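> Below is a structure I'd like to ask you about.
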Amino acid sequence: MRIKRYDAAPPELDMTPMIDMTFQLICFFMVALSFDEADRSEKVRLPSSELAKPADAPFELPITLQLTREGTVLYAGEELALANLGSRLVNEVQVMERLGKHPADATVIIRADGDAPTGKVQELIQACQERRFEIFALRARQEQG
Amino acid sequence: MRIRKSIGALPDKIDLQMTPMIDVVFQLLIFFIFSFKIVVQEGDFNIKMPIAGGAAMNTDVLPPFKVRLVAAEDGKLRGIELDGQPIDSFQSLHEQIIARIGVDAPASLKESAEVELDCDYGLHYRHVIDAITACSGYVAPDGNIVKLIEKIRLAPPQK
């Protein structure tokens, strides 16, 4: 039997749906990605609370201090002993005053590990109070379920 | 003047080179996939604590509730006291707070009420957050947060 040969054009793949999907995925990841990971160390496991809801508006002058379970402080990407934090806070206050702000207007966000001793948290607060910080935000993670 | 047609007949279909674009798009996608991390939502308990501890005390309507948290050797919670009275759990503490100020209390009363947390030095910090949660409010069945006491402060540390 003789088979007839057709001179058809080479088949073309339709790429449009794939490109659409890929762009949608990129958009999703771009929107969902957060770059503020520097303020969320893996070393700190926050305690949970059912009342911990994200704030409606960001703080005007936030300073994030993280306290590990060993009692060290993570500040500006460095791990410091609690005793060495004071000098760093003095620098922070000086910068603030040059900008015409007062430390009492700043909010110190405290991200302390759930297993950290409460006394260390209190010492951290005291160190801030000595540098005229007054407003504190104790951070907790939202309870699941 | 006659314009010469130097261009030959245009092809029926212009082929766009999609390969470089798809390469870049896939690289972007891979970058975002690898840098993506599911982050748990976080919230704050706001407290105002000026250095003069006594200055924040409010004696307008109610004296501050004194909540004492006693720690065991290993930092776990051993006991809770409210104004010197032992309490068995944070749920009971929550109920006591509601009984004292009332759910339907006027906003002025809730605003003036204050809690002072006196905790042992070695107590795990998570118990402090539990105590603050018990005192500061609860989640209503409709999902909204009902606030109880917003003024919370920690007593000075003591070893």
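In order, the protein sequence lines correspond to chains A and B.
At position 91 of the first sequence (counting the first as 1) the number is 91 in my numbering, and the numbers step up by one without a gap.
To convert a position in the second sequence, counted from 1, into my numbering, add 145.
For each residue, glycine too, the CB sits at the ideal point set by N, CA and C.
Here the structure is a predicted model, which is why all the values come from computation and not from measurement.
Taking the beta strand (DSSP E) that Ala137(A) belongs to, which residues open and close that run?
Translated into positions along the first sequence, residue 137(A) becomes position 137. Segment Ile135 to Gln142, the beta strand (DSSP E) holding Ala137(A).
> Using C-beta distances below 6 angstroms, list every residue in its chain close to Ile297(B), excluding the 5 sequence neighbours before and after it, in chain order.
Counted from its first residue, the second sequence places residue 297(B) at position 152. Answer for Ile297(B): Ile192, Val260 and Ile277, listed in chain order.
> Does chain A have any CB closer than 8 angstroms to the CB of Ala200(B)?
As a working mapping, residue 200(B) is identified with position 55 in the second sequence. Residue placement at Ala200(B) is flagged as unreliable, the pLDDT there being 44, under the threshold of 50; a coordinate-derived value is accordingly withheld.
> Roughly how many angstroms lie between the CA atoms of Gly220(B) and Arg40(A), to the nearest whole one?
Within the second sequence, residue 220(B) is the residue found at index 75, counting from 1. Within the first sequence, residue 40(A) is the residue found at index 40, counting from 1. Distance between the alpha carbons of Gly220(B) and Arg40(A) is about 24 angstroms.
> Counting pairs of beta carbons, one from the region 114–126 of chain A and one from the region 256–275 of chain B, are three or more of them closer than 8 angstroms?
Judged by Cβ distances under 8 angstroms, the region 114–126 of chain A makes contact with the region 256–275 of chain B, as three or more pairs qualify.
> Do Ile110(A) and Leu138(A) have their beta-carbon atoms positioned less than 8 angstroms apart in this structure?
Sequence index remark: in the first sequence, residue 138(A) carries index 138 (1-based). Sequence index remark: in the first sequence, residue 110(A) carries index 110 (1-based). For Leu138(A) and Ile110(A), yes; Cβs fall inside 8 angstroms.
> Return the residues of the region 220–245 of chain B that lie within a Cβ-Cβ distance of less than 8 angstroms from chain A, sorted by chain order.
For the region 220–245 of chain B, which is checked against every Cβ of chain A, the residues closer than 8 angstroms are Gly220.
> Near Glu50(A), what residues of its chain come up, given a Cβ to Cβ distance below 7 angstroms and the 5 sequence neighbours on each side ignored?
Sequence index remark: in the first sequence, residue 50(A) carries index 50 (1-based). Hits under 7 angstroms: Glu143.
> Counting only beta-carbon separations shorter than 8 angstroms, does Gln129(A) have a partner in chain B?
What you label residue 129(A) is simply residue 129 of the first sequence in a count that begins at 1. Answer yes: the Cβ-Cβ gap between Gln129(A) and chain B drops below 8 angstroms somewhere.
> Find out if the Cβ-Cβ distance for the pair Ile26(A), Val170(B) is shorter than 8 angstroms.
For the purposes of this step, residue 26(A) is taken as the residue at position 26 of the first sequence. For the purposes of this step, residue 170(B) is taken as the residue at position 25 of the second sequence. The answer is yes: Cβ separation under 8 angstroms.
> Just list the residues that DSSP pairs Cys27(A) with in beta bridges.
Position 27 of the first sequence, counted from the start, is the residue given in the question as residue 27(A). According to DSSP, Cys27(A) bridges with nothing at all.
> Taking the alpha helix (DSSP H) that Ala112(A) falls in, what are its first and last residues?
In the first sequence, residue 112(A) corresponds to position 112, counting from 1. Careful: Ala112(A) lies outside any alpha helix (DSSP H), inside the beta strand (DSSP E) at Thr107 to Ala112.
> Would you call Gln66(A) buried or exposed, if buried means 16 or more other Cβ atoms sit within 10 Å of its Cβ?
Counting from one through the first sequence, the residue named residue 66(A) turns up at place 66. Buried is the call here.
> Of all Cβ atoms in chain B, is any one closer than 8 angstroms to the Cβ of Gln142(A)?
Reading the first sequence from its first residue, position 142 is the one you call residue 142(A). Yes, because at least one Cβ of chain B sits closer than 8 angstroms to the Cβ of Gln142(A).
> Please identify the residue among Val215(B), Gln230(B) and Gly229(B) whose C-alpha is closest to the C-alpha of Arg223(B).
Here residue 223(B) refers to the residue found at position 78 when the second sequence is read from its first residue. Comparing Cα positions, the closest option is Val215(B).
> Quick check on DSSP: helix, strand or coil for Gly282(B)?
Residue numbering aside, residue 282(B) sits at position 137 when the second sequence is read from its first letter. If DSSP states are grouped into helix, strand and coil, Gly282(B) belongs with the strands.
> Can you find a CB in chain A that lies within less than 8 angstroms of the CB of Gly193(B)?
The residue you call residue 193(B) lines up with position 48 of the second sequence. As written in the sequence, residue 193(B) is Lys, which differs from the Gly given in the question. Output row for Lys193(B): interface = yes.
> With a threshold of 8 angstroms between beta-carbons, can Ile178(B) be considered close to chain A, or not?
Along the second sequence, read from residue 1 onward, the residue named residue 178(B) stands at position 33. It does; some Cβ of chain A falls within 8 angstroms.
> Can a CB atom of chain B be found closer than 8 angstroms to the CB of Glu42(A)?
Within the first sequence, numbered from 1, the residue matching residue 42(A) stands at position 42. It does not; no Cβ of chain B falls within 8 angstroms.
> Contact check, Ala300(B) vs Asp263(B) under 8 angstroms by CB: the rounded distance?
As a working mapping, residue 300(B) is identified with position 155 in the second sequence. As a working mapping, residue 263(B) is identified with position 118 in the second sequence. At roughly 4 angstroms, the Cβ-Cβ gap stays under 8 angstroms, so Ala300(B) and Asp263(B) are in contact.
> Any beta-carbon of chain A closer than 8 angstroms to the one on Cys264(B)?
Here the question's residue 264(B) lines up with position 119 in the second sequence. At least one chain A Cβ lies under 8 angstroms of Cys264(B).
> Counting only runs of 4+ residues fully inside the region 176–248 of chain B, write out the alpha helix (DSSP H) ranges in chain order.
Here the runs fully enclosed are 235–246.
> Name the residue from Leu33(A), Asp56(A), Ser34(A) and Ala81(A) whose alpha carbon lies nearest to the alpha carbon of Gly188(B).
To locate residue 188(B), count along the second sequence from 1; it is residue 43. Nearest option by C-alpha distance: Asp56(A).
> Glu134(A) touches chain B at which residues, Cβ-Cβ below 7 angstroms?
Residue 134(A) sits at position 134 when you count from the first residue of the first sequence. Under the 7 angstroms cutoff, chain B gives Lys193, Met194 and Pro195.
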